[in-house]
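Protein chains: 2
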Amino acid sequence: MSSSVERKRIRKSPEARRTEIVDAATAVALTEGLECVTLRRIADDLTVRPGLISHYFPAVEDLVAEAFGSAAGRELDLLLPAERPDGTPTEHLARFFARTSGEDYDAISRLWINARHLSRYRPVLRDRVTVQEAAWRGRLEGLLREGVERGEFRTQDPSVTTIQILVVLDGLGAHANTGTGGHPAAVARMAVTTAEHALGLASGALAPGGPASNTPN
Amino acid sequence: MSSSVERKRIRKSPEARRTEIVDAATAVALTEGLECVTLRRIADDLTVRPGLISHYFPAVEDLVAEAFGSAAGRELDLLLPAERPDGTPTEHLARFFARTSGEDYDAISRLWINARHLSRYRPVLRDRVTVQEAAWRGRLEGLLREGVERGEFRTQDPSVTTIQILVVLDGLGAHANTGTGGHPAAVARMAVTTAEHALGLASGALAPGGPASNTPN
DNA sequence: TTGCTTATTGGTCGCACACTCAATAGCATC
DNA sequence: GATGCTATTGAGTGTGCGACCAATAAGCAA
């Protein structure tokens, strides 16, 4: 029973090791926050020496940015898949709101707050945040435009409507770290209400249960 | 010309020194962020030894929370004075939006993002944030209720409307650290629009220039 | 003027961080 | 099985942080 203080080295291909590092960093970023993405923390997670992390990311800031980009990008793919083989724009948008209203989404809200704040001090991260904001905006705007084309949505300016929806979502997410309980229903449904109103939809058209559960106000 | 490495001690009353420290911390929090409120930083600003700050705030976290509370409280007094000797609720609300839309307000948006994020790790700060959120909500709700009483505003639930307005404001402020340029007008005016809609006011009633500058959409 | 209270100092400790670099040892290739 | 490339280690540097505490002196009161 050699109490292994000395571990056998495991030598991996740069690509494999790199993605391994980024994945670990992404997990830490999501669960504990971007400031916990440190050389030692990630190295410990991978049972590896800190120097190795430095080898792949000479500046930690780059790894932090990568972790954020990875997490945000992955979530966006869940929320609004690039390919939408089945389902109408209305259905996709309803699913989008269902997910952004779920409790699991709190972790993502926290991540965005985290990233937006840290952007103040870390230029590389700031750039990544800007990129992701554009990606989220673009993906949602694409969905809205398709809905307009198909005659499901009605809005003068899809790009403005997109931002309006995202602003409300950001506002609702702002309290992810401090919010004691939930908001009143009328507040929790703000994003959906805003979208329905801006897209000329009937009240309840984007609600979780579908148009059936039309609870006015 | 004694290059004073050794400074003469200046002994102040605990109250005076304490407020001096809090004021310095508040200034740092507003300009550089809450994580820059450190023993050494504040001590340097006051040309005093770090130990002295520790003497008044044995745990730095308390000073950080105090700095946030001080900054947020002061801003709230500017936005929505507790005493409103003159002016109608409509006028006060219009002024509120004028200020929250101004560029100076970016520093406050940054502070809120900062505090909400840091709340994740610092319980004392989290409590302070909760207190301030309640204060802001309370003050705005008071104004809305008065407007309703006077027949200027019309809303079923002033407390819900209050939160809705604040959510939009938070959403707009979320990008204070990353926002490249300004939003399109329809987005920038979202808070005002939301309020006008929720309070049964004519479009433009709360706009910066007053009801005259009624620019539809 | 003397004495006393206590605000203030100076120094120190331990910790966590990013970053650097020569030495080491997997492992693919021959 | 030997060889060479390079992924990985180990050890160390310097910085900034919060916290702690005995010694000092400012300024008030007697």
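Protein chains in written order, with my numbering: chain P, 17 to 233; chain G, 17 to 233.
For glycine and all other residues, C-beta sits at the position ideal for the given N, C-alpha and C.
Small disclaimer: the values here were computed from a predicted structure and weren't measured.
- In the three-state reduction of the DSSP assignment, G/Arg136 falls in the coil class.
- Scanning the stretch 57-116 of chain P from its first residue to its last, the whole alpha helix (DSSP H) runs of 4-plus residues come out as 66-72, 76-95.
- Put simply, the CB of G/Ala223 is far from chain P, with every gap to its CB atoms at 7 Å or more.
- Only residues of its own chain outside the window of five on either side were considered, and among them Val53, Ala83, Phe84, Ala87, Leu127 have a CB closer than 7 Å to the CB of G/Ala45, listed in chain order.
- Close to G/Ser135, with beta-carbon spacing below 8 Å, are these residues of chain P in chain order: Asn193, Thr194.
- If you draw a 10 Å sphere on the C-beta of P/Arg27, you find fewer than 16 other C-beta atoms in it, and that means exposed.
- Rounded to whole angstroms, the gap between the alpha carbons of G/Leu96 and P/Tyr137 is 31 Å.
- Counting along the chain, the unbroken alpha helix (DSSP H) around G/Val38 starts and ends at 30-47.
- Rounded to the nearest whole angstrom, the C-alpha separation of G/Gly154 and G/Glu51 is 28 Å.
- Residue G/Tyr72 holds the alpha-carbon nearest to the alpha-carbon of G/Ser29 among G/Ser135, G/Leu156, G/Arg90, G/Tyr72.
- When 8 Å is used as the limit between beta carbons, P/Glu149 is near these residues of chain G: His191, Thr194, in chain order.
- Scanning its chain for C-beta atoms nearer than 8 Å, with the 5 sequence neighbours on each side dropped, one finds around G/Asn193 the residues Arg126, Ile129, in chain order.
- For P/Gly220 and P/Ala211, the gap between their C-alpha atoms comes out near 11 Å.
- Contact annotation, G/Val184 with G/Ala207: C-beta distance approximately 5 Å; criterion of less than 8 Å satisfied.
- Within chain P, the residues Asp173, Val176, Gln180 have their CB atoms less than 8 Å from the CB of G/Ala202, given in chain order.
- When C-beta distances to chain P are compared with 9 Å, the residues of the stretch 122-133 of chain G below that value are Arg126, Trp128, Ile129, Asn130, Ala131, Arg132, His133, in chain order.
- Distance from the CA of P/Glu36 to the CA of P/Asp61, rounded to the nearest whole angstrom, comes to 10 Å.
- Residues of the stretch 138-169 of chain G that bring their beta carbon within less than 8 Å of a beta carbon in chain P comprise Arg142, Val145, Thr146, Glu149, in sequence order.
- Leaving aside the five residues that flank P/Gly49 on each side, the residues in its chain whose CB is nearer than 6 Å to its CB run, in chain order, Asn130.
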